[in-house]
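J.: Supplied in structure tokens, the structure appears directly below.
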DNA sequence: TCAAAAGTGTTATTGGTACACCCATGT
DNA sequence: ACATGGGTGTACCAATAACACTTTTGA
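Residue numbers (our numbering), protein chains in the order written: chain E, 1 to 235; chain G, 1001 to 1235.
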């Protein structure tokens, strides 16, 4: 390769992942105990450096896979943090991603190496560097995106009920929705396929399971819907 | 400062700016003739490296100011480009911003040093590296954001008419809008202050000037509006 | 039989769209 | 007087929100 740019600084380039999960009760994030100095042992986001031969997207996938064993996960770059002194060790630029995973697909197997743990988004330990800013911003982005795009399904198992979907929305937006309007709205997207069986754990009557119509879903992901009433009141 | 991270690569970190302007006819972008090797003399986006003591936001502002002489410009980080071979000279991560400026505020004075020129977004020369991808993505982001946020005003002079605002929207979204509905929609935002005087250049009757209610505007910038009919048909 | 949760129905209101119409004025 | 673009009025339709109602079934 030819000469390099002269008189320019070069910085470490990392990715950090905010991994969202949902357990049927609370929106959660996955945190690890940092393995690197400085601040070894402190809680932090899962992250790592971008290797020579990969893009940031690839690095984010690799890192997420090494933590959870999962591939093909919804992941989205949302902001790059560049404050000169954000990392106390040396100047590091961090490209932040958020991921949505079905918490039940998460295997404990690999996580032990990282001492990973799920925390409620409303109550998690202090994080290193600017990671708390990252979490705050990721949550805002998730809310913003989810008002108009059908992405929250990524947090649920293959089969889920409408009441479960609604509690997920309510937890993400920290508010309550009318169940009648909610179910009509969701069904009107045409993304849901009603199953024959019911989930009887939540009530005596039982709630029908639904599955995502995956094909339809992929085609409609970019579409702007209106999934949440009065977004300006709650965001 | 303590030790650095060992065994990690470090890359050049740059910002690139997509500068949008509107001249009353066409949505335009500002391009420069590259001053650096490699590819010196080829058309490119305005960009530069992030200096040791500044954030990417600061770098973007500095670079935009050095090109246009303008400060306090609407600017938004929208994506970070990290393909390993995107820069042929050496590995460089580029944090991309888009800016919206009133094209008439732009001074030619400083631009001469950069051989800057305005081009229609629909017809501009080939650009270096992945800069064409950047422009494409910036345009999409601009459209996406402008469907629900009142940011296009940043492209207009202090005083503007509703017909001018409408042509701007029509040019950004490459479609036509009903003038009655458009004007009602815009006025209903409460962001516009009607002036006493008219612009008589466009017609015999003349169209009233409006100004932005700046205070109201700053407060409402984050709000989700619906400024464009049937966004899914046009995006 | 009753409590609790799922699911359906009903209605008033809003807001969007299309399109017709009136207005002002320079030529 | 009339063509041209600016601006207003209106009627229909679809989407929304609020809330009442019915269904199912385990305890």
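Glycine included, every Cβ here is placed at the ideal spot set by N, Cα and C. All of these numbers come straight from a predicted model, not from anything done at the bench.
(1) Short of 7 Å in beta carbon distance, which residues of its chain neighbour residue 1059 (chain G), apart from the five on each side in sequence? Order them along the chain.
(2) Compare the C-beta of residue 222 (chain E) against all C-beta atoms of chain G and say whether one is closer than 9 Å.
(3) Within the 9 Å Cβ cut-off, does residue 1216 (chain G) reach chain E?
(4) Give a yes or no on whether 9 Å exceeds the smallest Cβ distance from residue 1175 (chain G) to chain E.
(5) Residue 156 (chain E) to residue 119 (chain E), Cα distance in whole Å?
(6) Which runs of the alpha helix (DSSP H) fall wholly inside the segment 152 to 234 of chain E and span at least 4 residues, in chain order?
(7) Mind pulling the chain E residues with CB within less than 7 Å of residue 1189 (chain G)?
(8) To the nearest angstrom, how far is it from the Cα of residue 1143 (chain G) to the Cα of residue 1235 (chain G)?
(9) Quick one: list the residues of chain E neighbouring residue 1056 (chain G), beta-carbon separation under 7 Å, in chain order.
(10) What does residue 1172 (chain G) touch in chain E if you count any residue whose Cβ is under 7 Å from its own?
(11) Whole-angstrom Cβ separation of residue 1084 (chain G) and residue 53 (chain E), contact assumed at under 8 Å?
(12) Using the DSSP secondary-structure output, state which residues sit across from residue 1013 (chain G) in a beta bridge.
(13) Relative to the alpha-carbon of residue 104 (chain E), which residue among E:82, E:126, E:170, E:69 has its alpha-carbon at the smallest distance?
(14) Around the C-beta of residue 1148 (chain G), are 16 or more other C-beta atoms found within 10 angstroms, so that it is buried, or is it exposed?
(15) Whose C-beta lies closer than 7 Å to the C-beta of residue 216 (chain E) among residues of the same chain, with five residues either side of it excluded?
(16) Is it right to say residue 56 (chain E) is buried, meaning 16 or more other beta carbons lie within 10 angstroms of its own, or is it exposed?
(17) Go ahead and pull the three-state DSSP assignment for residue 85 (chain E).
(18) Rounded to whole angstroms, what's the CA-CA distance from residue 213 (chain E) to residue 1211 (chain G)? Just pull it up for me.
(19) Please check if any C-beta of chain G sits within less than 9 Å of the C-beta of residue 99 (chain E).
(20) At least one CB of chain E closer than 9 Å to the CB of residue 1001 (chain G): is that the case?
(21) From the beta carbon of residue 1129 (chain G), is the nearest beta carbon of chain E less than 9 Å away?
(22) Taking all protein chains shown into account, decide if residue 1034 (chain G) is buried (16 or more other Cβ within 10 angstroms of its Cβ) or exposed.
(23) Between which two residues does the alpha helix (DSSP H) containing residue 54 (chain E) stretch?
(24) Quick check on DSSP: helix, strand or coil for residue 123 (chain E)?
(25) Using a Cβ cut-off of 8 Å, pull out every chain G residue sitting near residue 114 (chain E), in sequence order please.
(26) Could you check how far apart the C-beta atoms of residue 1080 (chain G) and residue 77 (chain E) are, in whole angstroms? I think they sit under 8 Å.
(27) Have a look at the DSSP bridge pairing and note the partners of residue 1020 (chain G).
(28) Report the rounded CA-to-CA distance for residue 1011 (chain G) versus residue 13 (chain E), giving the unit in angstroms.
(29) Tell me residue 1046 (chain G)'s beta-bridge partners as DSSP assigns them.
(30) For the alpha helix (DSSP H) containing residue 1004 (chain G), list its first residue and its last residue.
(31) Can you tell me which of the three DSSP states residue 1114 (chain G) falls into?
(32) Would residue 95 (chain E) count as contacting chain G if we go by Cβ distances under 9 Å?
(33) What is the DSSP secondary structure of residue 80 (chain E), reduced to helix, strand or coil?
(34) Just mark residue 176 (chain E) as buried or exposed, buried being the case when its beta carbon has 16 or more other beta carbons within 10 Å.
(35) Run through chain G and tell me which residues come within less than 8 Å of residue 52 (chain E), C-beta to C-beta.
(36) For residue 172 (chain E) and residue 18 (chain E), which I take to be in contact (beta-carbon distance under 8 Å), what is that distance rounded to the nearest angstrom?
T.: The relevant details are as follows:
(1) Taken in chain order, the residues that qualify are 1015, 1048, 1050, 1051.
(2) At least one chain G Cβ lies under 9 Å of residue 222 (chain E).
(3) So, not an interface residue.
(4) By this cut-off, residue 1175 (chain G) is not an interface position.
(5) Cα to Cα, residue 156 (chain E) sits roughly 17 Å from residue 119 (chain E).
(6) Runs of the alpha helix (DSSP H) lying entirely within the segment 152 to 234 of chain E, each at least 4 residues long, are 162 to 173, 179 to 188, 214 to 220, 231 to 234 in chain order.
(7) In chain order: nothing, as chain E lies at least about 12 Å away.
(8) Their Cα atoms are separated by approximately 7 Å.
(9) Close to residue 1056 (chain G), with beta-carbon spacing below 7 Å, are these residues of chain E in chain order: 80, 82.
(10) Here the premise fails: no neighbours, minimum Cβ distance about 16 Å.
(11) The distance from the Cβ of residue 1084 (chain G) to that of residue 53 (chain E) is about 6 Å, consistent with a contact at the 8 Å cut-off.
(12) BP columns for residue 1013 (chain G) point to G:1093.
(13) With distances taken between Cα atoms, residue 104 (chain E) lies closest to E:69.
(14) That one is buried.
(15) The residues are 190, 191.
(16) Result: buried.
(17) Coil at residue 85 (chain E), not helix or strand.
(18) Pairing residue 213 (chain E) with residue 1211 (chain G), the inter-Cα distance amounts to about 48 Å.
(19) Taking Cβ atoms only, chain G never reaches closer than 9 Å to residue 99 (chain E), which makes this a no.
(20) At residue 1001 (chain G) the pLDDT is 48, less than 50, meaning the model places this residue with poor confidence and gives no usable figure here.
(21) No Cβ of chain E is located within less than 9 Å of the beta carbon of residue 1129 (chain G).
(22) Residue 1034 (chain G) sits buried, since 16 or more C-beta atoms from the chains shown fall within 10 Å of its C-beta.
(23) Premise fails: residue 54 (chain E) is in no alpha helix (DSSP H) and is neither H nor E.
(24) The three-state reading of DSSP puts residue 123 (chain E) in strand, counting E and B together.
(25) Result: empty, since nearest Cβ-Cβ is about 18 Å, beyond 8 Å.
(26) Indeed, because the Cβ distance is near 7 Å, the residues count as touching under 8 Å.
(27) Looking at the DSSP assignment, residue 1020 (chain G) forms a beta bridge with G:1029, G:1100.
(28) Those two C-alpha atoms are separated by around 7 Å.
(29) By DSSP's assignment, residue 1046 (chain G) forms a beta bridge with G:1017.
(30) First-last for residue 1004 (chain G): undefined, no H or E at that position.
(31) Here DSSP, grouped into helix, strand and coil, assigns residue 1114 (chain G) to helix.
(32) Yes - at least one Cβ of chain G is within 9 Å of the one on residue 95 (chain E).
(33) When secondary structure is reduced to three states using DSSP, residue 80 (chain E) falls in the strand class.
(34) Its Cβ having fewer than 16 others within 10 Å, residue 176 (chain E) is exposed.
(35) In chain order: 1009, 1084, 1091.
(36) Going by Cβ atoms, the distance from residue 172 (chain E) to residue 18 (chain E) rounds to 14 Å, so no, they are not a contact pair.
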